[in-house]
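S.K.: Protein chains in written order, with this note's numbering: chain A, 1 to 235; chain B, 1 to 346.
I have a structure here, written as structure tokens, and I will follow up with some questions on it.
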Ligand SMILES: Nc1ncnc2c1ncn2[C@@H]1O[C@H](COP(=O)(O)OP(=O)(O)O)[C@@H](O)[C@H]1O
Ligand SMILES: [Mg+2]
């Protein structure tokens with residue numbers, strides 16, 4: 001579904017990605033783990049058109065997309081919950097969700113039923129429907145960011161550290177929700193520092209170190225890998 | 001039976017005709033009864049309300065920072081005045097419907113001047129806006145500041161439009177038949193209605209999203225460059241229209257009417273009103289236009305008091321007079337916005 005080959009990205013003189021390649025197949029949950037600054041967010045930003053790679057190719061469903069602007073990427077079926085959530089703080093929860101579907105807001109019934117689906121997935125958001133997003137807790141904002149991304153009706157969902165800064169019991173439920181979303185047919189590329197949890201729900205994983213892919217394995221094998229256990233699972 | 005949508009259009013048409021007629025008579029009454037000094041202040045207020053509300057589309061609603069609005073005001077004024085003073089007499093002086101001095105001919109000429117002034121200002125807005133709005137950050141402030149000065153200096157050096165002396169003796173098209181108030185009101189209503197409708201619409205939601213968080217808006221599929229350029233071009237176009245009316249009411253323009261000071265005053269009106277609030281921009285424009293006049297009795301201390309009151313207002317209400325709030329339609333606006341998804345929540 002998504003194939004990245006030899007992707008190299010610079011921020012000015014700083015090299016963030018050094019010719020990485022990775023693949024996401026239809027129906028999978030693929031996770032990217034790695035320390036801070038490894039280049040995980042840069043990979044996500046390259047896919048979603050928010051940074052321009054210096055070289056390399058990103059192919060989505062057979063078409064190269066590395067030249068497309070961000071708003072076109074959303075239209076072809078790639079949605080994202082960006083690093084740091086970035087909800088629209090002064091807008092209501094409902095307005096945030098509507099913005100995810102703004103290209104089809106004229107279809108009121110359809111959008112309304114999609115919003116109801118989000119409320120089924122995240123009952124907490126239903127209670128906060130008319131509250132401004134800035135007043136939500138961290139966990140609720142994360143749910144909103146994921147819900148807003150799902151409102152774009154993505155076939156591939158990019159999630160950048162959805163569990164960051166959340167209380168442990170919330171982390172559990174976020175991962176549970178990601179699994180549910182995947183079961184409903186959405187392919188997921190999940191960036192996480194919480195390697196343990198991420199590998200438990202993922203099919204496959206990539207380990208990034210300073211802009212390079214150092215390991216690419218099934219999640220099962222990565223969980224058993226001694227180096228991974230030492231470096232990312234704190235054992 | 002008349003269909004529902006047919007009835008809607010009939011009602012809408014009658015409303016517009018009603019408003020136009022009402023404005024026409026109102027402007028007659030004001031023109032006949034208002035002392036000419038206050039009359040001028042009233043016109044000046046209308047022009048600055050247009051400037052402030054149009055800049056609010058750019059700085060307030062989409063969250064950009066333009067500080068050269070007077071440049072587009074100047075483009076409109078000079079292009080509009082060029083039509084009535086230079087081009088029309090030279091090329092079309094004997095055209096049957098374009099005779100100036102008759103109510104009808106003046107109205108037609110004014111409309112032509114408006115169209116030309118608006119188009120020129122919009123084009124200038126596009127040329128300035130497109131390259132600078134693609135980039136994030138403060139480029140727009142620098143570029144617009146520069147643009148305002150460039151326009152002033154260009155005009156200063158074109159003899160055709162009077163150089164430093166400016167243009168005088170512009171036919172007072174708007175005043176024929178006491179229509180000045182009518183035209184200015186029309187422009188104010190146009191820019192205010194456009195802003196209000198925008199804020200209630202889906203498109204407005206995306207404009208506000210750009211202000212809130214441009215990266216997140218991008219990630220939702222909003223074409224943020226298009227939103228910013230559209231806001232900038234529309235804002236510039238209205239500034240151009242304000243310039244055309246200014247030129248044809250005061251009948252004289254010169255480069256110093258459109259200097260950096262004017263840009264700063266317009267920007268101040270938007271900030272003082274509460275960035276993003278249309279009501280605030282209207283109020284602040286009225287206040288800042290009439291306050292210097294009301295303070296005339298203070299003689300030499302006038303501008304000192306004026307500046308002091310500005311500083312006090314900013315210190316006591318840094319979010320602006322209105323913050324991001326609106327008077328009158330806020331409740332409506334909320335209801336409309338949240339109902340975009342239907343009645344499922346009810
Ligand atoms: N906007 C930026 N400007 C300059 N350097 C950046 C920027 N964003 C990230 N970097 C650098 O690129 C590298 C990769 O960052 P990032 O992709 O954010 O890593 P991760 O998400 O894995 O923590 C880091 O060295 C980081 O300092
Ligand atoms: Mg990151």
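Positions of the beta carbon are idealized from the N, C-alpha and C atoms, including for glycine.
Since the model is a prediction, treat every value here as computed from it, not as a measurement.
Do the region 178 to 188 of chain B and the region 20 to 31 of chain B meet, that is, are 3 or more Cβ pairs less than 8 Å apart?
M.R.: yes
S.K.: Does residue 213 of chain B get closer than 9 Å to chain A when you measure Cβ to Cβ?
M.R.: In the second chain, the residue the question calls residue 213 of chain B occupies position 213. Taking Cβ atoms only, chain A reaches closer than 9 Å to residue 213 of chain B, which makes this a yes.
S.K.: Looking only at DSSP bridge pairs, what is residue 213 of chain B linked to?
M.R.: Within the second chain, the letter at position 213 stands for residue 213 of chain B. Paired residue(s): none; residue 213 of chain B is not in a bridge.
S.K.: Nearest to residue 216 of chain A by CA position, among A/12, A/7, A/22 and A/3, is which residue?
M.R.: The residue you call residue 216 of chain A lines up with position 216 of the first chain. Out of A/12, A/7, A/22 and A/3, A/22 has the C-alpha closest to the C-alpha of residue 216 of chain A.
S.K.: Among the candidates A/93, A/194, A/124 and A/107, whose CA atom is the shortest distance from the CA of residue 130 of chain A?
M.R.: As a working mapping, residue 130 of chain A is identified with position 130 in the first chain. Answer by Cα proximity: A/93.
S.K.: Check the Cβ of residue 156 of chain B against every Cβ in chain A and list those closer than 7 Å, keeping chain order.
M.R.: As a first step, residue 156 of chain B must be located in the second chain, where it is residue number 156. Residues of chain A passing the Cβ test: none, with the nearest at roughly 40 Å.
S.K.: Using the DSSP secondary-structure output, state which residues sit across from residue 30 of chain A in a beta bridge.
M.R.: For the purposes of this step, residue 30 of chain A is identified with residue 30 of the first chain, where counting begins at 1. In the DSSP output, where bridge partners are listed per residue, residue 30 of chain A has A/189 and A/204.
S.K.: Does the CB of residue 344 of chain B have a neighbour CB from chain A at under 9 Å?
M.R.: Residue 344 of chain B sits at position 344 when you count from the first residue of the second chain. Reliability of the predicted coordinates at residue 344 of chain B is poor, the pLDDT of 31 falling under 50, and the value obtained from them is presented with this limitation in mind. Judged by the 9 Å Cβ criterion, residue 344 of chain B is in contact with chain A.
S.K.: In whole angstroms, give me the CA-to-CA distance for residue 133 of chain B and residue 139 of chain B.
M.R.: For the purposes of this step, residue 133 of chain B is identified with residue 133 of the second chain, where counting begins at 1. For the purposes of this step, residue 139 of chain B is identified with residue 139 of the second chain, where counting begins at 1. Rounded to the nearest angstrom, the two C-alpha atoms are 8 Å apart.
S.K.: By Cβ distance below 7 Å, which residues in the same chain neighbour residue 166 of chain A in space, the five residues on each side in sequence not counted?
M.R.: Counting from one through the first chain, the residue named residue 166 of chain A turns up at place 166. Result list for residue 166 of chain A: 138, 139, 142 and 174, in chain order.
S.K.: Mind checking who residue 63 of chain A pairs with in its DSSP beta bridge?
M.R.: Here residue 63 of chain A refers to the residue found at position 63 when the first chain is read from its first residue. Bridge partners of residue 63 of chain A: A/60.
S.K.: Residue 273 of chain B lies in the alpha helix (DSSP H); which residues open and close that run?
M.R.: Within the second chain, the letter at position 273 stands for residue 273 of chain B. Element bounds for residue 273 of chain B: 260 to 273.
S.K.: For the putative contact between residue 255 of chain B and residue 120 of chain B, defined by C-beta atoms under 8 Å, what is the C-beta separation to the nearest angstrom?
M.R.: To locate residue 255 of chain B, count along the second chain from 1; it is residue 255. To locate residue 120 of chain B, count along the second chain from 1; it is residue 120. No, residue 255 of chain B and residue 120 of chain B are not in contact; Cβ-Cβ is about 16 Å, not under 8 Å.
S.K.: Give the range of the beta strand (DSSP E) segment to which residue 213 of chain A is assigned.
M.R.: Taking the first chain and counting its residues from 1, the one referred to as residue 213 of chain A is at position 213. Note, residue 213 of chain A: beta strand (DSSP E), 212 to 218.
S.K.: For residue 60 of chain A versus residue 156 of chain A, is the C-beta spacing smaller than 9 Å?
M.R.: If you number the first chain from 1, residue 60 of chain A lands on position 60. If you number the first chain from 1, residue 156 of chain A lands on position 156. Yes.
S.K.: Give me the Cβ distance between residue 288 of chain B and residue 303 of chain B, rounded to the nearest whole Å; I'm assuming they're in contact under 8 Å.
M.R.: The sequence position of residue 288 of chain B within the second chain is 288, counting from 1. The sequence position of residue 303 of chain B within the second chain is 303, counting from 1. With a Cβ gap of about 12 Å, residue 288 of chain B and residue 303 of chain B do not count as contacting.
S.K.: Buried or exposed: where does residue 104 of chain B fall if 16 or more other Cβ atoms within 10 Å of its Cβ makes it buried?
M.R.: As a first step, residue 104 of chain B must be located in the second chain, where it is residue number 104. Exposed.
S.K.: Can you list, in chain order, every residue whose CB sits closer than 6 Å to a heavy atom of ligand 1?
M.R.: A/11, A/14, A/16, A/34, A/36, A/37, A/38, A/39, A/40, A/41 and A/42
S.K.: Beta carbon of residue 226 of chain A: closer than 8 Å to some heavy atom of ligand 2?
M.R.: Within the first chain, numbered from 1, the residue matching residue 226 of chain A stands at position 226. No; taking the cut-off as 8 Å, the Cβ of residue 226 of chain A has no heavy atom of ligand 2 nearer than that.
S.K.: Let me check you understand the geometry: is the CB of residue 83 of chain A closer than 8 Å to at least one non-hydrogen atom of ligand 2?
M.R.: For the purposes of this step, residue 83 of chain A is taken as the residue at position 83 of the first chain. Yes; taking the cut-off as 8 Å, the Cβ of residue 83 of chain A has a heavy atom of ligand 2 nearer than that.
S.K.: Residues of the region 212 to 231 of chain B with a CB closer than 7 Å to any CB of chain A: list them in chain order, please.
M.R.: 212, 213, 215, 216, 218, 219, 220, 221, 222 and 223
S.K.: Among all the DSSP beta bridges, which residues are the ones paired with residue 157 of chain A?
M.R.: Counting from one through the first chain, the residue named residue 157 of chain A turns up at place 157. Under DSSP, residue 157 of chain A forms a beta bridge with A/79 and A/188.
S.K.: Run through DSSP, which three-state label would residue 236 of chain A get?
M.R.: Here chain A comprises residues numbered 1 to 235, so residue 236 of chain A is not present and cannot be evaluated.
S.K.: For residue 163 of chain A and residue 200 of chain A, I'd like the C-alpha separation in whole angstroms.
M.R.: Indexing the first chain from 1 puts residue 163 of chain A at position 163. Indexing the first chain from 1 puts residue 200 of chain A at position 200. Going from the Cα of residue 163 of chain A to the Cα of residue 200 of chain A covers about 14 Å.
S.K.: For the region 260 to 282 of chain B, list every residue whose C-beta sits within 9 Å of some C-beta in chain A, in sequence order.
M.R.: none
S.K.: What does residue 44 of chain B pair with, by DSSP beta-bridge criteria?
M.R.: Locating residue 44 of chain B in the second chain gives position 44, counting from the first residue. In the DSSP output, where bridge partners are listed per residue, residue 44 of chain B has none listed.
S.K.: Would residue 244 of chain B pass as a contact of residue 130 of chain B if the rule is Cβ separation under 9 Å?
M.R.: For the purposes of this step, residue 244 of chain B is taken as residue 244 along the second chain, with counting starting at 1. For the purposes of this step, residue 130 of chain B is taken as residue 130 along the second chain, with counting starting at 1. In this structure, residue 130 of chain B does not lie closer than 9 Å to residue 244 of chain B by Cβ.
S.K.: Going along chain A, which residues have a C-beta under 7 Å from residue 114 of chain B?
M.R.: As a first step, residue 114 of chain B must be located in the second chain, where it is residue number 114. Residues of chain A passing the Cβ test: none, with the nearest at roughly 33 Å.
S.K.: For the beta strand (DSSP E) that residue 21 of chain A lies in, which residues bound it at each end?
M.R.: Within the first chain, residue 21 of chain A is the residue found at index 21, counting from 1. Start and end: 14 to 24.
S.K.: What is the residue span of the alpha helix (DSSP H) that residue 96 of chain A lies within?
M.R.: As a working note, residue 96 of chain A is residue 96 in the first chain. Counting along the chain, the alpha helix (DSSP H) containing residue 96 of chain A begins and ends at 93 to 100.
S.K.: In chain order, which alpha helix (DSSP H) runs of at least 4 residues are fully inside the region 125 to 180 of chain B?
M.R.: 139 to 156
S.K.: With a cut-off of 8 Å, do at least 3 Cβ pairs link the region 82 to 99 of chain B to the region 199 to 215 of chain B?
M.R.: no
S.K.: Would residue 178 of chain B pass as a contact of residue 32 of chain B if the rule is Cβ separation under 9 Å?
M.R.: In the second chain, residue 178 of chain B corresponds to position 178, counting from 1. In the second chain, residue 32 of chain B corresponds to position 32, counting from 1. Cβ distance < 9 Å, so residue 178 of chain B and residue 32 of chain B count as in contact.
S.K.: For chain B, find out if any of its Cβ atoms is closer than 9 Å to the Cβ of residue 148 of chain A; answer yes or no.
M.R.: Looking up residue 148 of chain A in the first chain gives position 148. At least one chain B Cβ lies under 9 Å of residue 148 of chain A.
S.K.: I'd like to know whether the C-beta atoms of residue 100 of chain A and residue 148 of chain A end up nearer to each other than 9 Å.
M.R.: Numbered from its first residue, the first chain carries residue 100 of chain A at position 100. Numbered from its first residue, the first chain carries residue 148 of chain A at position 148. Result yes, Cβ atoms of residue 100 of chain A and residue 148 of chain A sit closer than 9 Å.
S.K.: Along the region 11 to 40 of chain A, where does the CB come closer than 7 Å to a CB of chain B? Name the residues.
M.R.: none
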